[in-house]
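What follows is a short report on a single structure.
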Amino acid sequence: MKQLITMTACLLLLMALLSQFVQNQKLLMDLESCSHQVDIFCVTEDVPALRRSLGKIMNCSEGEITIEREASLWVIQVPVKKILITPSFWGVKKEDNHGVYVWERESTVNE
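Here you go:
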């Protein structure tokens, strides 16, 4: 009986780690796709198109995305939601399970 309880606890821990690994891989792929869109944006400087594509990739509204220009530097901020797949398991509050990813890129368009 003791072995069954221990094995069940180990299985739960392994499942939590595995599901978090899958979430991390998905988040990494989404951020790589966003980075590619940001690189294209630095050539075209089409702000509405960038907002649409980043919103679609990161599953957020266009209003949550911040795009600012400081001289020849573009600063783009995208909210990252649901970083941990099971936040309560890791002791993180559900409302704290988010962040912001920031890109800073030089404009490649000549003025």
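For the sequence shown, the positions run 3 to 113 when the working numbering is used.
We treat Cβ as the ideally placed atom computed from N, Cα and C, and that holds for glycine.
The model shown is predicted, which means the values in this text are computed figures rather than measured ones.
Unbroken alpha helix (DSSP H) run spanning residue i, endpoints
i   : result
L19 : K4 to T46
I59 : V49 to M60
Residue j beta carbon less than 8 Å from that of residue i
i    : j   : result
S21  : I85 : no
S90  : I59 : no
E108 : L56 : no
H100 : V82 : yes
Cβ shell of residue i (< 8 Å), same chain only, five flanking positions each side left out
i   : result
R54 : E64
V24 : I87
K96 : P89 and S90
Run of the beta strand (DSSP E) containing residue i, from where it starts to where it stops
i    : result
G101 : H100 to E108
I69  : T68 to E72
Reduced DSSP secondary structure (H/G/I, E/B, other) of residue i
i   : result
V94 : coil
I85 : coil
I78 : strand
Same chain, Cβ closer than 7 Å to residue i, five either side skipped, listed in chain order
i   : result
V94 : L86
W92 : L86
Cβ shell of residue i (< 6 Å), same chain only, five flanking positions each side left out
i   : result
V45 : T110
E66 : P81
T68 : Q79
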